[in-house]
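So the working numbering is basically just the index in the first sequence, starting at one, shifted up by 1. Note that CB positions come from ideal geometry on N, CA and C, so glycine has one too. Only a predicted model underlies this, so the values are computations on that prediction, with no experimental measurement involved.
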Amino acid sequence: MYGFLEHRLAATLLEFLARRHPGVSLPTPVIEQPPNVELGDFAIPMFPFAKPLRSAPLKIAEAIRTEIGPIEGIAEMQVAPPGYLNVRIDRVWLTARLAAGEKAAATTPSGKILVEHSSINPNKAAHIGHLRNAILGDTFVRLLQYAGREVDVQNYIDNTGVQVADVVVGFTHLEKKSRAEIEALTRQPRFDYYCWDLYARVSQWYEQSTENKQTRLHTLHAIEDASSETAAIADLISVAVLRRHLETMDRLDIEYDFLPRESEILHLHFWDSAFTQLKDSAVLTFESAGKNKGCWVMRRAGAAKPLTTAVPEEDPDDRLHVIEPIEGVDIPKPKDIAEEDQKVIVRSNGTVGYVGKDIAYHMWKFGLLGRDFGYRKFYRYPNQHDCWISTTDGEKEHPHFGDVAEIYNVIDARQSEAQNTVVEALRGLGHNDAADHYTHFSYEMVALTPRCAAELGYTLSEEDKTRSYIEVSGRKGFGVKADDLLDQLIASAKKEVDARHPQVDDPERLRIATQIAIGALRYFMLKYTKQSVIAFDFKEALSFEGETGPYAQYAVVRATSIFRKAGTDPDAIAVEFSGKLGKDILAKHLTAADANEIWELWLAASKTSYVVAQCIATTEPAYLAKHAFQLAQLFNTFYHRYPILSESDEERKQFLLATVAVVRRELIRSLAVMGIEAPPVM
RNA sequence: GGGCCCGUAGCUCAAGCGGAUAGAGCAUCGGAUUUCUAAUCCGAGGGUUGCAGGUUCGAUUCCUGCCGGGCCUACCA
């Protein structure tokens with residue numbers, strides 16, 4: 002509603018100025034909100050018009066005010082020094098519509114959108130870094146759906162890389178387990194935790210001898226042969242861990258539609274198809290000499306001349322790659338600088354790297370590959386929604402995945418180089434339209450504060466102690482597991498609920514505590530802007546007070562309890578106010594002496610769709626978190642200042658109730674987009 | 001070396017395309033509960049927006065140069 006009015010105001014203003022000053026090129030008016038409601042609801046700085054119109058800002062504002070004529074939804078305009086045109090919304094116009102529950106005007110019909118998120122390597126338990134990814138991704142999905150878009154959610158499973166091989170090595174070489182024994186272990190409730198520890202042990206074991214390290218290579222090769230025992234074990238492990246990840250994310254109401262796996266990209270020869278096209282269009286070139294001799298390479302944009310002295314040992318930690326220096330390992334400096342402008346896609350031994358497979362996968366996403374996955378049902382959510390997985394020979398009947406016009410990849414900022422390579426490959430193939438609709442939804446990592454690391458029992462170097470944060474490391478088993486954090490949050494919330502509501506039965510108390518825990522966690526991950534590194538701290542994450550999910554949930558609970566006490570239905574009351582009688586009451590109470598404070602609530606409540614649109618345009622869900630918090634904050638202040646049920650003026654009481662009803666509805670909607678439910682009591 | 005990101009109150013973070021007096025939460029201190037139950041509210045203190053220039057009516061925001069920190073830069077995934 003708010004955005005609709007803003008848009009109308011801007012358009013009318015520009016049209017007016019263009020008519021009044023034909024032939025003058027004018028800047029787009031900036032529309033913002035004045036510092037306080039006393040001044041109005043929109044503020045338009047006139048300074049940018051001063052030069053082109055060769056007139057003083059105040060004079061322009063005055064001319065607009067007196068000459069522009071009536072605009073539907075706008076009540077009046079005022080000129081304010083040093084050069085603003087302040088605009089007041091027609092309060093009855095807006096509130097009556099808002100009470101009716103209208104959402105923003107329908108978006109222009111457009112195709113399906115594919116969102117890829119989570120993409121956790123299926124070799125160990127999910128940790129807080131994965132939570133940020135999944136929560137950002139899932140919230141973005143909900144934002145798109147709120148705006149009326151159709152969305153497919155995909156979770157890319159990298160099940161053939163070294164990270165899975167490492168855990169296989171752990172089972173077969175460290176623990177000397179048979180396939181049957183491993184299979185029995187996969188049925189443990191938290192098999193992913195077992196793998197978490199084992200993965201860390203394997204990394205240490207590799208460092209003990211070069212012989213041990215050889216095992217990794219042999220295992221990796223064995224996995225590539227789909228008919229081998231090792232491949233069967235790898236599949237057993239990765240599928241079991243994947244199932245655990247789905248369960249963990251389901252605790253947070255995060256669901257997927259399709260799980261494309263790297264094994265199928267390999268076995269269904271996606272790469273062959275992509276490779277042919279990439280060669281034909283000369284995106285890839287063969288190196289016959291030099292450092293990259295025998296490789297197929299891509300030229301890299303804005304490339305680098307590394308001066309690396311210390312370093313690299315891989316830790317292929319999902320799509321969130323962590324690279325850690327290994328002491329005593331010295332890598333020679335690259336000599337030929339020109340070769341550093343190249344990105345190796347196919348190695349000299351003929352095997353294709355990760356980026357190559359990603360290029361093929363993205364060609365498939367846009368329907369440009371000419372091949373498709375096989376599909377079978379893999380996981381059914383409690384709400385009967387099916388999640389599909391890729392296979393080589395699937396079911397005949399399946400939904401149509403891929404082949405979309407627009408995609409979003411929720412992937413850590415550390416991967417932007419790789420993401421750019423994929424986009425450039427698409428451009429090189431002539432698919433500029435696809436490249437233009439490829440969005441890397443980039444965000445910063447979650448790290449641990451030194452204090453948090455110490456709490457987890459890790460001993461830190463003196464250098465680490467001085468850092469503001471320390472990266473998590475799957476390879477070292479250094480991090481906070483997602484399920485552990487959730488368990489801790491639930492336990493903490495449960496204690497409070499138990500103390501406050503002894504009359505409620507225990508299963509219900511647990512249900513409420515779980516909703517609060519999810520609210521706290523999801524809000525925590527959303528309140529930071531994407532480009533901010535979250536330095537994870539238990540104290541902050543476990544907080545239920547102040548700018549938190551439970552604070553907003555509590556506002557809804559309070560609002561709900563007013564209606565329960567009053568014995569009325571909030572939505573019915575709101576709708577009544579869109580009628581003639583309601584409008585009369587609104588007109589009376591919104592223009593009263595103390596009306597500004599209550600009007601602020603209505604105004605804030607009118608912004609949900611506007612904020613959602615902003616979140617989508619900027620791929621920044623944090624704005625919605627802020628919106629929900631502000632609504633809750635305004636409501637809490639209002640709640641304290643205005644006793645509602647004891648209001649003696651019946652008409653005013655209805656007005657206050659309508660205010661609560663609308664704010665409550667918008668708060669519930671906003672929280673729902675963040676995947677947060679308000680419990681019945683708190 | 002090159003690319004991307006960050007530096008704002010004691011701490012953690014905000015600040016729509018450059019706009020009016022730089023805002024929240026936490027922490028600290030002082031208040032509010034016969035009420036729609038305080039996971040709440042009210043108030044106070046706390047800022048040379050890393051430093052130095054530049055652009056202009058106006059800069060936390062844009063440009064340049066420093067200082068400090070992070071990530072990326074591999075025939076790993």
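Distance from the CA of Ala51 to the CA of Arg20, rounded to the nearest whole angstrom, comes to 17 Å. When the five nearest sequence neighbours on each side are left out, the beta carbons in the same chain lying within less than 8 Å of the beta carbon of His268 are those of Ala227 and Thr393, in order along the chain. In the three-state reduction of the DSSP assignment, Leu115 falls in the strand class. Residue pairing by DSSP places Gly375 opposite Thr392 in a beta bridge.
With a minimum length of 4 residues, the unbroken runs of alpha helix (DSSP H) contained wholly in the stretch 122-204 fall at 129-147, 163-170 and 180-187. The Cβ atoms of Thr220 and Thr231 sit closer than 8 Å to each other. Secondary structure at Met299: strand, using DSSP grouped into helix, strand and coil.
Of the candidates Ala673, Trp365, Arg244 and Lys294, Ala673 places its Cα closest to the Cα of Arg523. About 7 Å separates the Cβ atoms of Asp484 and Ala126, confirming a contact at the 8 Å cut-off. Judged by their CB atoms, Leu602 and Val664 are nearer to each other than the 8 Å cut-off. Across the structure, Phe545 and Glu151 are spaced so that their CA atoms are roughly 34 Å apart. Of the other Cβ atoms in all chains shown, 16 or more fall within 10 Å of the Cβ of Lys366; this residue is therefore buried. Collapsing the DSSP output to three states places Val473 in coil. Runs of the alpha helix (DSSP H) lying entirely within the stretch 509-551, each at least 4 residues long, are 539-542 in chain order. Remark: C-beta atoms of Asp42 and Leu604 approach each other more closely than 8 Å. If you draw a straight line from the Cα of Asp281 to the Cα of Ser349, it is about 19 Å long.
Counting the other CB atoms within 10 Å of its CB gives Asp139 a total of 16 or more, which places it among the buried residues.
Under the three-state reduction of DSSP, Asp488 is assigned to helix. For Asn87, the uninterrupted beta strand (DSSP E) segment begins and ends at Tyr85 to Ile90. Between Ala606 and Leu99 a beta carbon distance of about 6 Å is seen, short of the 8 Å cut, so the two are scored as contacting. Between the stretch 378-389 and the stretch 75-87, the count of Cβ pairs shorter than 8 Å is below three; the stretches do not touch.
For Lys608, DSSP records no beta bridge to any residue.
A direct Cα-Cα distance of roughly 52 Å separates Phe48 from Ala283. Rounded to whole angstroms, Cys388 and Ile586 show a C-alpha spacing of 50 Å.
When the alpha-carbon of Ile491 is set against those of Ser474, Gly475 and Arg510, the nearest one is in Arg510. Straight through space, the alpha carbons of Glu16 and Gly676 are spaced by roughly 41 Å. For Asn410, the uninterrupted beta strand (DSSP E) run begins and ends at Glu407 to Asp413, by DSSP. The secondary-structure analysis by DSSP pairs Pro503 with nothing; it has no beta-bridge partner. Spatial neighbours of Lys178 in its own chain (CB-CB distance under 7 Å, excluding positions within 5 residues in sequence) are listed in chain order as Phe172. Taking the CA atoms as reference points, Ala97 sits about 18 Å from Glu598.
If you draw a straight line from the Cα of Ile412 to the Cα of Ile234, it is about 28 Å long.
Residue state for Gln385 is assigned as coil, using DSSP reduced to three classes. Under the DSSP definition of a beta bridge, Pro46 partners with Tyr85. Counting every other CB atom within 10 Å of its CB across the protein chains shown gives His628 a total of 16 or more, marking it as buried.
DSSP, read as helix, strand or coil, puts Ile224 in helix.
Per the coordinates, the alpha-carbon of Arg559 lies some 23 Å from the alpha-carbon of Leu527.
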